């Protein structure tokens, strides 16, 4: 991990030349959720190719741009699209943008994803505020010689998602009459969707939703000392005994439909971050 | 780490210490002090052996101590190599292969772990009787390495890698000294982050007694090489997923230290049994 320090510095320098501000938060927008940037006052938009060491996303509905500007009156950087393990990128590269956000000065990570619902009380289109996570990716972004400048060798994970922010997000949902669950996200590497037997297994180990991202980024946020709030959009229900075939197009469509509600939650959480 | 490098390292040690050890030990967290109790006849650091990698982990010293304990010749590796340091199976198991090449017929290995079974308490010793491998170490590696690992897995399947007589001896030694020890299962993850509450719940549900970030690769390799194995785990903290407490490396090392007297008593009982004339 000793190479990361210089990579972060180079990426931070490249972004600062275009946008000299210090972001309060870094935001990662998942599948179908990119239009949150419509709410932003955009100062600069950088393609990932313009930022040293950033992986270009090859995934569906991921634009591959870093948008710098302000949202809810706060300076933020937002990633439209992310790199995934299933694209073949090492997790160190997948999570580099989180370290760059921290390097730019962001103390808060807002992360979102599209996922499959395992909890039978959920339904397609619902939003879940992530309370906790399970890493079943078979890999970890912190493997390697630890760079103590970036964070501790053995980060504690008893509260990867900031409890106050989880409560705040749920309160914003209640205030706006929106359904929002609180639950556990399990990450697998994919890229195939799970079998019925795998869905049963994931339900039994205590997961409410399953996806192929977010967990590495949050591990790195914890390592970096950032507070994190996470949102999962249930884009299809994965109940093993009544499994319906789904398609990538359908997943994007459901995410697009849920996006305005996600927007309300993110704006509400950020509004209370403003210095008073 | 090729077989030739292992051969050369063993030759290098034999040229200075021409003894066949009766036991090899990998001293992880909790047994580090045992190295100081060995009547040392030769000490070598990993770095002095061509091809060997050094440990970067806190509390791991990375030296090879050849000598006698209770009159029994043995070799102890103080400090070990972990997957979370970025090392592959070949590197992680370099020490086991060296001990085997030096002629050690058995392996004692120790680690610190987090307790999952609520009946365990901080400072207990778990005598490992089985393991669950969630390290996903097969994810990378050459074909030759993959073949070696398949063999390692195969030998694990045929019979338990953990020697039942040695487990019984360990439990008897602990009981005699009125130490708290029990047999149970060890689950290995890569780490390096500690587990989330949701992960603790999952690991409990899977049926593991303790969770840690080491030992399973070394045990698999020892089993492949036909070595008898005794593995001891120092339970540092017992996590309650509903009332989580922050943990750190310092806390784990401090808590696991209280298991040290138990571990030393068990290892000495085993060494003593090896020194006794055959019945």
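Residue numbers (the numbering used here), protein chains in the order written: chain A, 1 to 276; chain B, 1 to 279.
The beta-carbon is built from N, C-alpha and C at its ideal position, and this holds for glycine as well.
These numbers were taken from a predicted model, which means no experiment stands behind them.
- DSSP places residue 268 (chain B) within a helical segment (H, G or I) once states are collapsed to three.
- By a beta-carbon distance limit of 8 Å, residue 209 (chain A) contacts residue 234 (chain A). Their separation comes to about 6 Å.
- For residue 41 (chain B), the uninterrupted beta strand (DSSP E) segment begins and ends at 39–45.
- Taking 9 Å as the Cβ-Cβ cut-off, the stretch 174–198 of chain B approaches chain A at 189, 190, 191, 192, 193, 194, 195, 196, 197 and 198, given in chain order.
- Residue burial annotation: residue 228 (chain A) is buried, with at least 16 other C-beta atoms found within 10 angstroms of its C-beta.
- In the DSSP assignment, residue 111 (chain B) is bridged to B:233.
- A contact is defined here as three or more CB-CB pairs under 8 Å, and the stretch 10–21 of chain B meets this definition with respect to the stretch 98–113 of chain B.
- Proximity of the stretch 194–207 of chain A to the stretch 197–214 of chain B meets the contact definition, three or more beta-carbon pairs being nearer than 8 Å.
- The beta carbons of residue 141 (chain A) and residue 52 (chain A) sit about 19 Å from each other, so the pair does not count as a contact at 8 Å.
- Within its own chain, the residues whose Cβ lies closer than 7 Å to the Cβ of residue 145 (chain A), once the five positions on either side in sequence are excluded, are 1 and 2, listed in chain order.
- The CB of residue 86 (chain B) comes closer than 9 Å to the CB of 1, 143, 144 and 145 in chain A, given here in chain order.
- When C-alpha distances from residue 135 (chain B) are compared across B:82, B:1 and B:31, the shortest belongs to B:82.
- Counting along the chain, the unbroken beta strand (DSSP E) around residue 23 (chain B) starts and ends at 23–27.
- In this structure, the straight-line span from the alpha carbon of residue 261 (chain B) to that of residue 90 (chain B) is close to 32 Å.
- Chain-order list of chain A residues neighbouring residue 248 (chain B): 152, 154 and 156, by C-beta distance under 8 Å.
- Inclusion of residue 76 (chain B) and residue 42 (chain B) in the CB contact set at 7 Å is not warranted, their separation being larger than that value.
- Put simply, of B:194, B:267 and B:65 the residue whose alpha carbon is nearest the alpha carbon of residue 238 (chain B) is B:194.
- Of all residues in the stretch 184–198 of chain A, the ones placed with a Cβ closer than 7 Å to any Cβ belonging to chain B are 184, in chain order.
- Under a 10 Å Cβ-count criterion, residue 83 (chain A) is classified as buried, with 16 or more other Cβ atoms of the shown protein chains found around its own Cβ.
- Nearest in C-alpha terms to residue 219 (chain B), of all of B:62, B:132, B:86 and B:64, is B:132.
- Within the same chain, Cβ atoms closer than 8 Å to the Cβ of residue 225 (chain B) are found at 96, 97 and 100, the five residues on either side in sequence being excluded.
- Inter-segment contact for the stretch 260–275 of chain A and the stretch 31–45 of chain B is absent: fewer than three beta-carbon pairs are separated by less than 8 Å.
- Between residue 227 (chain B) and residue 107 (chain B), the CB-CB gap stays under 7 Å.
- With respect to residue 115 (chain A), residue 32 (chain A) sits apart: the two C-beta atoms are not nearer than 7 Å.
- Beta-bridge partners assigned by DSSP to residue 130 (chain A): A:183.
- With respect to chain B, the C-beta atom of residue 160 (chain A) has a partner C-beta closer than 7 Å.
- With a 10 Å radius around the Cβ and a threshold of 16 neighbouring Cβ atoms, residue 240 (chain B) comes out exposed.
- Assignment of residue 89 (chain B) by DSSP, reduced to helix, strand and coil, places it in the helix class.
- The beta carbons of residue 222 (chain A) and residue 157 (chain A) sit about 6 Å from each other, so the pair counts as a contact at 8 Å.
- Taking the CA atoms as reference points, residue 133 (chain A) sits about 23 Å from residue 86 (chain B).
- If you check each beta-carbon in the stretch 208–230 of chain A against every beta-carbon of chain B, the ones closer than 8 Å belong to 219, 222 and 223.
- In the three-state DSSP reduction, residue 15 (chain A) falls in the helix class (H, G or I).
- For residue 130 (chain B), the enclosing beta strand (DSSP E) starts and ends at 125–133.
- In the structure shown, residue 275 (chain B) adopts helical secondary structure according to DSSP, grouped into three states.
- Inside the stretch 48–102 of chain A, DSSP marks whole alpha helix (DSSP H) runs of 4 or more residues at positions 91–94, from first to last along the chain.
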